[in-house]
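S.K.: Start counting the sequence shown at 1; every next residue gets the next number (UniProt numbering).
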Amino acid sequence: MDTTLGNFQQLESKYDRHTQLKAFDDTKAGVKCLVDAGITKIPRSFIHDQTRSMTSLVQVPRNIAYPSLIWKASKEIQAFVERYIIDKVRQACERWGFFQMISHGIPTTLLDDVIDGMRRFHEQDTEVKKHFFTRDETRKVIYNTNFDFFQAKAATWRDSLYCLMAPLPPNPEKLPAVCSYLYFISHVVDLLFCFAYGHVMVNYSNKVMQLGLTILELLSEGLGLHPDHLKYMGCAEGLYFICNYYTASPEPTLKLGINKHTDIAFFSVLLHDQLGGLQVLHEDQWFDVTPISGALVINLGDMSQ
Numbered sequence: 001m002d003t004t005l006g007n008f009q010q011l012e013s014k015y016d017r018h019t020q021l022k023a024f025d026d027t028k029a030g031v032k033c034l035v036d037a038g039i040t041k042i043p044r045s046f047i048h049d050q051t052r053s054m055t056s057l058v059q060v061p062r063n064i065a066y067p068s069l070i071w072k073a074s075k076e077i078q079a080f081v082e083r084y085i086i087d088k089v090r091q092a093c094e095r096w097g098f099f100q101m102i103s104h105g106i107p108t109t110l111l112d113d114v115i116d117g118m119r120r121f122h123e124q125d126t127e128v129k130k131h132f133f134t135r136d137e138t139r140k141v142i143y144n145t146n147f148d149f150f151q152a153k154a155a156t157w158r159d160s161l162y163c164l165m166a167p168l169p170p171n172p173e174k175l176p177a178v179c180s181y182l183y184f185i186s187h188v189v190d191l192l193f194c195f196a197y198g199h200v201m202v203n204y205s206n207k208v209m210q211l212g213l214t215i216l217e218l219l220s221e222g223l224g225l226h227p228d229h230l231k232y233m234g235c236a237e238g239l240y241f242i243c244n245y246y247t248a249s250p251e252p253t254l255k256l257g258i259n260k261h262t263d264i265a266f267f268s269v270l271l272h273d274q275l276g277g278l279q280v281l282h283e284d285q286w287f288d289v290t291p292i293s294g295a296l297v298i299n300l301g302d303m304s305q
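Laid out in structure tokens, this is it:
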């Protein structure tokens, strides 16, 4: 790590953007390794233009409740609540392109397991993470810093793990072991009792796929279409799992965790921790999305629009 820090200090003294980016990428260690090495200034290739306004305002007022017990209610109440939810989703999509879902059917324990597993991946030994590092976009499991690292005007201060989970998911054995239940349980009980547990990423992806089908039904009905219309169009065939890890920065006012952007998918299901930081653009104004414990943020992507 000391060698990494020394190399970057040397490169900063005679700055060449491409040389610095390549030197960083060749370490296969990510942004976190710079922080672990004790840098006091972020590399110039990560510095962003701070003339851009990012006004922090209020929480996005679009919290969609989808009670799991509603299916046990009477048909009359069930129909009323379903219509209410469909209308609220439609309004949120029309006005914001974002909404939050609570009581969505995915256990809070699983959400916590996902966040814990992703944190373990990014905070594990660098030499282990390097095995997943690649710029080859045909790979099903990818770890790197910024997919557009060499194309963007300035790099963003995050490391990411990408996994293609549908339609053709990787063998679970190819997924990071540190993210699995087996890894976690093996630290507290005998391994003989652990093989009944699955992989956190697989379990979560299966749940998100089920939730995604429900969201497509709500969107279809909100458009006045048959509930399965968007599903039959093929809008539920792919699932891409992305975990962004935003490590601490010695100069937080000079960097961005992620650039202003739209998602290219039909929609994204976002799980974020309680630290916050997500903002959405609405009528030329930026709004903070205040984290709600157990909630998921739904973001309509380019394909849906």
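In this text, a Cβ means the ideal position worked out from N, Cα and C, and glycines have one as well.
Enumerate in chain order the residues of its own chain whose CB-to-CB distance from Asn167 is below 7 angstroms, with the five nearest sequence positions on each side excluded.
M.R.: If you number the sequence shown from 1, residue 167 lands on position 167. A small fix is needed here, since residue 167 is Pro in this sequence, not Asn. Answer for Pro167: Glu237, Gly238, listed in chain order.
S.K.: Bridge partners for Phe241 per DSSP, in chain order?
M.R.: Locating residue 241 in the sequence shown gives position 241, where the first residue counts as 1. According to DSSP, Phe241 bridges with Cys163.
S.K.: What residue range is occupied by the uninterrupted alpha helix (DSSP H) comprising Met303?
M.R.: For the purposes of this step, residue 303 is taken as residue 303 along the sequence shown, with counting starting at 1. Unbroken run through Met303: none, as it is neither H nor E.
S.K.: If Val202 sits next to Pro172, beta carbons under 8 angstroms apart, how far is it from one beta carbon to the other, in whole angstroms?
M.R.: For this step, residue 202 is matched to residue 202 along the sequence shown. For this step, residue 172 is matched to residue 172 along the sequence shown. The pair is a contact, with the Cβ atoms about 6 angstroms apart (cut-off 8 angstroms).
S.K.: With distances taken Cα to Cα, identify the nearest neighbour of Leu254 among Cys179, Phe46, Pro170, Gly38.
M.R.: For the purposes of this step, residue 254 is taken as residue 254 along the sequence shown, with counting starting at 1. Of Cys179, Phe46, Pro170, Gly38, the residue nearest in Cα terms is Phe46.
S.K.: Who are the Cβ neighbours of Asp190 in its own chain at under 7 angstroms, not counting the five residues just before and after it?
M.R.: Position 190 of the sequence shown holds residue 190. Any reading at Asp190 needs caution, since the residue's pLDDT is 41, under 50, leaving its predicted position unreliable; the model's value is listed next. Within the same chain, Asp190 has no close Cβ partners at all.
S.K.: From what residue to what residue does the beta strand (DSSP E) around Ser268 run?
M.R.: Start at 1 with the first residue of the sequence shown, and residue 268 comes out as number 268. Segment 267-270, the beta strand (DSSP E) holding Ser268.
S.K.: Measure the C-alpha to C-alpha separation of Arg83 and Val114 and round it to an integer number of angstroms.
M.R.: Position 83 of the sequence shown, counted from the start, is the residue given in the question as residue 83. Position 114 of the sequence shown, counted from the start, is the residue given in the question as residue 114. Their backbone Cα atoms lie some 32 angstroms apart in a straight line.
S.K.: Measuring CB to CB, does Val159 end up less than 7 angstroms from His122?
M.R.: Mapped onto the sequence shown, residue 159 falls at position 159. Mapped onto the sequence shown, residue 122 falls at position 122. First, the amino acid is wrong: residue 159 is Asp here, not Val. Yes. Within cutoff.
S.K.: Using the Cα positions of Lys153 and Met118, report the straight-line distance between them to the nearest angstrom.
M.R.: As a working note, residue 153 is residue 153 in the sequence shown. As a working note, residue 118 is residue 118 in the sequence shown. In a straight line, the C-alpha of Lys153 is about 28 angstroms away from that of Met118.
S.K.: Ignore the nearest five residues each way along the sequence and tell me which others in Glu248's own chain have a CB closer than 8 angstroms to its CB.
M.R.: Position 248 of the sequence shown, counted from the first residue, corresponds to residue 248. Here the sequence assigns Ala to residue 248, which means Glu is not the residue at that position. Once the five neighbours on either side are set aside, the close Cβ partners of Ala248 are Val35.
S.K.: Taking 8 angstroms as the cut-off, does the stretch 264-272 touch the stretch 295-302 (at least 3 CB pairs, one atom from each stretch)?
M.R.: Verdict: yes, contact present.
S.K.: If you draw a straight line from the C-alpha of Phe241 to the C-alpha of Lys207, how long is it?
M.R.: On the sequence shown, residue 241 is found 241 positions in, with the first residue counted as 1. On the sequence shown, residue 207 is found 207 positions in, with the first residue counted as 1. Roughly 12 angstroms separates the two Cα atoms.
S.K.: Let me check understanding here. Comparing Cα to Cα, which of Glu283, Leu278, Phe80, Arg17 lies closest to Leu256?
M.R.: Against the sequence shown, residue 256 aligns to sequence position 256. The shortest Cα separation from Leu256 among Glu283, Leu278, Phe80, Arg17 belongs to Leu278.
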